[in-house]
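For reference, the structure is listed below as C-alpha coordinates.
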Amino acid sequence: MKTRIKFSKEGNLRFVGHLDMMRYFQKANRRAELPVAYSEGFHPHQIMSFAAPLGMGLEGKAEYFDLRITEEGAATLHSAEAAERLNREMAEGIRILSFLRLPDDSPNCMSIVHAADYEILFRAVAPEDKIAGQFVDGSAYRSLTGDEERSLRAAVDELLQRKEIPVQKTGKKGNLRELDLRPMIHALRCEDNRLRCTVAQGSEANLKPELLLSALFSLDTARPFAAMPRRVVRTELYDSAGKTLESYGTIF
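Residue 1 is where the sequence shown starts when you use full-length UniProt numbering, and the numbers rise one by one after that.
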(Lines of atoms letter the chains of each structure in order from A and count residues from 1; the text may use other names and numbers.)
(Lines give C-alpha, C1' and ligand atoms only; values in the text may rest on other atoms or scores of the structure.)
Protein backbone atom coordinates (compact mmCIF):
# COMPACT_ATOMS: atom_id res chain seq x y z
CA MET A 1 0.00 0.00 0.00
CA LYS A 2 1.26 3.46 -0.90
CA THR A 3 0.94 6.09 1.81
CA ARG A 4 1.76 9.80 2.08
CA ILE A 5 2.83 11.38 5.36
CA LYS A 6 2.58 15.11 5.98
CA PHE A 7 4.71 16.57 8.76
CA SER A 8 6.00 19.84 10.15
CA LYS A 9 9.63 20.66 10.94
CA GLU A 10 10.07 23.71 13.15
CA GLY A 11 12.26 25.29 15.82
CA ASN A 12 15.83 24.05 16.21
CA LEU A 13 15.10 21.11 13.90
CA ARG A 14 15.47 23.58 11.01
CA PHE A 15 19.23 23.03 11.33
CA VAL A 16 18.94 19.29 10.59
CA GLY A 17 19.83 18.56 6.96
CA HIS A 18 17.85 16.51 4.46
CA LEU A 19 19.95 13.32 4.60
CA ASP A 20 19.84 13.31 8.39
CA MET A 21 16.05 13.74 8.24
CA MET A 22 15.78 10.71 5.97
CA ARG A 23 17.81 8.60 8.39
CA TYR A 24 15.79 9.98 11.30
CA PHE A 25 12.49 8.85 9.78
CA GLN A 26 13.88 5.45 8.84
CA LYS A 27 14.76 4.86 12.49
CA ALA A 28 11.46 6.34 13.70
CA ASN A 29 9.51 4.00 11.40
CA ARG A 30 11.29 1.03 12.95
CA ARG A 31 10.76 2.25 16.52
CA ALA A 32 7.07 2.83 15.76
CA GLU A 33 6.93 -0.77 14.45
CA LEU A 34 5.21 0.31 11.26
CA PRO A 35 4.84 -2.52 8.70
CA VAL A 36 7.14 -0.83 6.18
CA ALA A 37 7.91 -2.55 2.88
CA TYR A 38 11.58 -3.01 1.95
CA SER A 39 13.30 -3.21 -1.40
CA GLU A 40 14.73 -6.52 -2.60
CA GLY A 41 18.40 -7.33 -3.10
CA PHE A 42 21.55 -7.58 -1.00
CA HIS A 43 20.99 -4.22 0.72
CA PRO A 44 17.24 -3.86 1.36
CA HIS A 45 16.05 -0.40 2.34
CA GLN A 46 12.72 1.13 3.28
CA ILE A 47 10.69 2.13 0.22
CA MET A 48 10.21 5.83 0.88
CA SER A 49 10.78 9.11 -0.95
CA PHE A 50 10.65 12.74 0.15
CA ALA A 51 8.86 15.43 -1.83
CA ALA A 52 11.43 18.26 -1.85
CA PRO A 53 14.50 18.81 0.32
CA LEU A 54 14.07 21.70 2.74
CA GLY A 55 17.04 24.05 2.79
CA MET A 56 19.21 24.22 5.89
CA GLY A 57 17.84 26.74 8.37
CA LEU A 58 14.34 26.74 6.88
CA GLU A 59 11.21 25.54 8.66
CA GLY A 60 8.38 23.61 7.06
CA LYS A 61 4.71 23.38 7.98
CA ALA A 62 3.75 21.07 5.09
CA GLU A 63 6.54 18.60 4.37
CA TYR A 64 5.80 15.24 2.75
CA PHE A 65 7.23 11.79 2.19
CA ASP A 66 5.78 8.66 0.62
CA LEU A 67 6.10 5.34 2.41
CA ARG A 68 5.24 1.86 1.18
CA ILE A 69 3.38 -0.35 3.68
CA THR A 70 3.25 -4.14 3.32
CA GLU A 71 -0.07 -5.57 2.19
CA GLU A 72 -0.26 -7.71 5.33
CA GLY A 73 0.29 -4.69 7.55
CA ALA A 74 -2.16 -2.56 5.59
CA ALA A 75 -4.98 -4.94 6.47
CA THR A 76 -4.88 -3.92 10.14
CA LEU A 77 -3.31 -0.44 10.10
CA HIS A 78 -5.40 2.75 10.19
CA SER A 79 -4.50 6.40 9.53
CA ALA A 80 -5.05 7.69 13.07
CA GLU A 81 -3.15 4.80 14.66
CA ALA A 82 -0.23 5.10 12.24
CA ALA A 83 0.10 8.85 12.85
CA GLU A 84 -0.14 8.38 16.62
CA ARG A 85 2.50 5.65 16.69
CA LEU A 86 4.88 7.72 14.62
CA ASN A 87 4.23 10.89 16.63
CA ARG A 88 5.25 9.08 19.81
CA GLU A 89 8.73 8.70 18.30
CA MET A 90 9.08 12.30 17.11
CA ALA A 91 11.49 14.79 18.66
CA GLU A 92 10.28 18.24 19.69
CA GLY A 93 9.86 20.32 16.55
CA ILE A 94 8.59 17.49 14.33
CA ARG A 95 4.91 16.59 14.17
CA ILE A 96 3.05 14.13 11.96
CA LEU A 97 0.04 16.00 10.59
CA SER A 98 -1.58 13.32 8.42
CA PHE A 99 -0.99 9.72 7.32
CA LEU A 100 -2.96 8.96 4.14
CA ARG A 101 -3.45 6.18 1.63
CA LEU A 102 -2.61 6.82 -2.03
CA PRO A 103 -4.12 5.21 -5.14
CA ASP A 104 -1.92 2.41 -6.47
CA ASP A 105 -1.18 4.36 -9.65
CA SER A 106 -0.31 7.60 -7.84
CA PRO A 107 3.10 9.08 -8.79
CA ASN A 108 5.62 9.59 -6.01
CA CYS A 109 5.62 12.96 -4.29
CA MET A 110 9.04 14.03 -5.57
CA SER A 111 7.96 13.76 -9.21
CA ILE A 112 4.88 15.99 -8.89
CA VAL A 113 6.22 18.96 -6.91
CA HIS A 114 5.81 22.08 -9.04
CA ALA A 115 5.46 25.06 -6.66
CA ALA A 116 5.77 26.03 -3.01
CA ASP A 117 4.46 28.68 -0.63
CA TYR A 118 6.88 30.45 1.71
CA GLU A 119 6.49 33.11 4.35
CA ILE A 120 9.28 35.30 5.69
CA LEU A 121 9.00 36.76 9.18
CA PHE A 122 11.40 39.30 10.67
CA ARG A 123 12.85 38.55 14.08
CA ALA A 124 12.75 40.90 17.04
CA VAL A 125 16.25 42.14 17.86
CA ALA A 126 15.65 44.83 20.48
CA PRO A 127 13.45 45.17 23.59
CA GLU A 128 11.63 48.14 22.10
CA ASP A 129 10.51 46.11 19.06
CA LYS A 130 6.77 45.52 19.00
CA ILE A 131 6.35 41.79 19.47
CA ALA A 132 3.82 40.21 17.09
CA GLY A 133 4.26 36.56 18.08
CA GLN A 134 6.71 33.79 18.82
CA PHE A 135 8.39 31.00 16.90
CA VAL A 136 8.33 27.41 18.10
CA ASP A 137 11.70 27.81 19.84
CA GLY A 138 10.43 30.79 21.85
CA SER A 139 12.17 33.54 19.90
CA ALA A 140 9.94 36.43 18.89
CA TYR A 141 9.08 38.10 15.64
CA ARG A 142 7.96 41.68 15.46
CA SER A 143 5.46 43.85 13.66
CA LEU A 144 6.68 46.03 10.82
CA THR A 145 6.35 49.75 11.36
CA GLY A 146 4.14 51.68 8.97
CA ASP A 147 7.15 53.08 7.12
CA GLU A 148 8.77 49.64 6.90
CA GLU A 149 5.62 48.06 5.51
CA ARG A 150 5.22 50.80 2.91
CA SER A 151 8.85 50.44 1.86
CA LEU A 152 8.54 46.68 1.56
CA ARG A 153 5.31 46.91 -0.43
CA ALA A 154 6.92 49.42 -2.77
CA ALA A 155 9.89 47.10 -3.31
CA VAL A 156 7.59 44.15 -4.03
CA ASP A 157 5.63 46.21 -6.57
CA GLU A 158 8.83 47.40 -8.23
CA LEU A 159 10.22 43.86 -8.49
CA LEU A 160 7.02 42.39 -9.92
CA GLN A 161 6.78 45.14 -12.56
CA ARG A 162 10.05 43.98 -14.10
CA LYS A 163 9.81 41.74 -17.15
CA GLU A 164 13.13 40.11 -16.25
CA ILE A 165 14.96 39.65 -12.94
CA PRO A 166 18.46 38.45 -13.88
CA VAL A 167 20.68 37.08 -11.11
CA GLN A 168 23.92 35.17 -11.03
CA LYS A 169 23.92 31.77 -9.39
CA THR A 170 26.89 29.57 -8.54
CA GLY A 171 26.52 26.08 -9.97
CA LYS A 172 27.59 22.81 -8.34
CA LYS A 173 30.95 22.98 -10.11
CA GLY A 174 31.56 26.55 -8.95
CA ASN A 175 30.75 28.15 -12.29
CA LEU A 176 28.56 31.25 -12.45
CA ARG A 177 25.43 31.21 -14.58
CA GLU A 178 22.71 33.78 -15.09
CA LEU A 179 19.08 33.03 -14.23
CA ASP A 180 15.89 34.98 -14.85
CA LEU A 181 13.84 34.73 -11.66
CA ARG A 182 10.71 36.41 -13.03
CA PRO A 183 9.06 33.29 -14.57
CA MET A 184 9.66 31.42 -11.30
CA ILE A 185 7.81 33.96 -9.12
CA HIS A 186 4.12 33.03 -9.19
CA ALA A 187 3.10 35.42 -6.39
CA LEU A 188 4.79 37.83 -3.97
CA ARG A 189 3.09 40.10 -1.46
CA CYS A 190 3.59 41.84 1.88
CA GLU A 191 0.80 41.24 4.39
CA ASP A 192 0.28 40.46 8.08
CA ASN A 193 3.79 41.69 9.02
CA ARG A 194 5.49 39.23 6.71
CA LEU A 195 6.36 38.46 3.13
CA ARG A 196 4.45 35.68 1.41
CA CYS A 197 5.41 34.14 -1.90
CA THR A 198 4.60 31.26 -4.23
CA VAL A 199 7.58 30.18 -6.30
CA ALA A 200 8.61 27.42 -8.68
CA GLN A 201 9.83 24.31 -6.91
CA GLY A 202 10.83 20.94 -8.30
CA SER A 203 12.96 19.33 -10.98
CA GLU A 204 11.93 21.61 -13.87
CA ALA A 205 12.51 24.93 -12.08
CA ASN A 206 13.46 25.62 -8.50
CA LEU A 207 13.65 29.04 -6.86
CA LYS A 208 15.11 29.13 -3.37
CA PRO A 209 13.62 31.86 -1.19
CA GLU A 210 17.02 33.32 -0.31
CA LEU A 211 17.71 33.94 -4.00
CA LEU A 212 14.39 35.75 -4.32
CA LEU A 213 15.13 37.80 -1.20
CA SER A 214 18.56 38.78 -2.49
CA ALA A 215 16.91 40.20 -5.62
CA LEU A 216 14.28 42.01 -3.56
CA PHE A 217 16.77 43.41 -1.04
CA SER A 218 18.98 44.75 -3.82
CA LEU A 219 16.33 47.44 -4.43
CA ASP A 220 16.86 50.73 -2.61
CA THR A 221 13.48 50.63 -0.86
CA ALA A 222 14.11 47.14 0.55
CA ARG A 223 17.85 47.28 1.23
CA PRO A 224 17.46 47.93 5.01
CA PHE A 225 15.61 44.60 5.37
CA ALA A 226 18.64 42.62 4.21
CA ALA A 227 20.31 43.09 7.60
CA MET A 228 17.25 42.07 9.62
CA PRO A 229 17.30 38.58 11.17
CA ARG A 230 14.46 36.58 9.67
CA ARG A 231 12.77 33.21 9.70
CA VAL A 232 11.77 31.50 6.44
CA VAL A 233 8.98 28.92 6.57
CA ARG A 234 7.72 26.71 3.75
CA THR A 235 3.97 26.45 4.25
CA GLU A 236 2.76 24.26 1.35
CA LEU A 237 3.76 22.26 -1.73
CA TYR A 238 1.71 22.00 -4.95
CA ASP A 239 1.57 20.02 -8.17
CA SER A 240 1.35 21.59 -11.64
CA ALA A 241 -2.45 21.88 -11.34
CA GLY A 242 -2.24 23.76 -8.03
CA LYS A 243 -3.34 20.77 -5.93
CA THR A 244 -1.64 20.18 -2.60
CA LEU A 245 0.26 16.94 -2.22
CA GLU A 246 -2.02 16.03 0.68
CA SER A 247 -5.09 16.13 -1.59
CA TYR A 248 -3.90 12.97 -3.38
CA GLY A 249 -4.50 10.82 -0.30
CA THR A 250 -7.44 9.54 1.70
CA ILE A 251 -7.91 8.41 5.29
CA PHE A 252 -7.79 4.64 5.68
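We put the CB at the ideal spot given by N, CA and C, even for glycine.
Everything numeric in this text was worked out from a predicted model, so none of it was measured.
Simplified DSSP assignment, three categories, for residue i
i	result
residue 46	strand
residue 227	helix
residue 86	helix
residue 166	strand
residue 79	helix
residue 8	strand
residue 247	helix
residue 98	strand
residue 222	coil
residue 2	strand
Neighbourhood of residue i by C-beta distance below 6 Å, restricted to the same chain and skipping five residues each side
i	result
residue 29	36
residue 99	5, 79, 82 and 83
residue 196	119 and 189
residue 21	none
Start and end residues, beta strand (DSSP E) containing residue i
i	result
residue 111	Residue 111 -> not in any beta strand (DSSP E); alpha helix (DSSP H) instead, spanning 109-112.
residue 74	Unbroken run through residue 74 is the alpha helix (DSSP H), 71-74; no beta strand (DSSP E).
residue 217	Element bounds for residue 217: not the beta strand (DSSP E) but the alpha helix (DSSP H), 209-217.
residue 240	Element bounds for residue 240: n/a, residue is neither H nor E.
residue 92	Here residue 92 belongs to no beta strand (DSSP E), and DSSP marks it neither H nor E.
residue 134	131-134
Cβ neighbours of residue i in the same chain (closer than 7 Å, five flanking residues each side left out)
i	result
residue 230	120, 121, 122 and 123
residue 170	176
residue 248	4, 102 and 106
Limits of the alpha helix (DSSP H) - the one that residue i falls within
i	result
residue 153	146-160
Proximal residues to residue i (C-beta, below 8 Å), its chain only, five neighbours per side dropped
i	result
residue 193	121, 122, 132, 141, 142, 143, 144 and 149
At a cut of 8 Å, does the segment 100-118 reach the segment 228-246 through at least three beta carbon pairs? The segment 100-118, when compared against the segment 228-246, does touch it at the 8 Å Cβ threshold.
Every unbroken alpha helix (DSSP H) inside the segment 11-65 [4 residues or more]: Within the segment 11-65, the complete alpha helix (DSSP H) runs of at least 4 residues are 18-31.
Are three or more beta carbon pairs between the segment 180-189 and the segment 146-166 nearer than 8 Å? yes
Flag this pair as touching only if the segment 220-236 and the segment 64-83 have three or more C-beta atom pairs under 8 Å; answer yes or no. no
What are the start and end residues of each continuous beta strand (DSSP E) run of 3 or more residues lying completely inside the segment 176-200, in chain order? 176-180, 185-191 and 194-200
Okay, do the segment 61-80 and the segment 37-51 touch, 3+ Cβ pairs below 8 Å being the bar? yes
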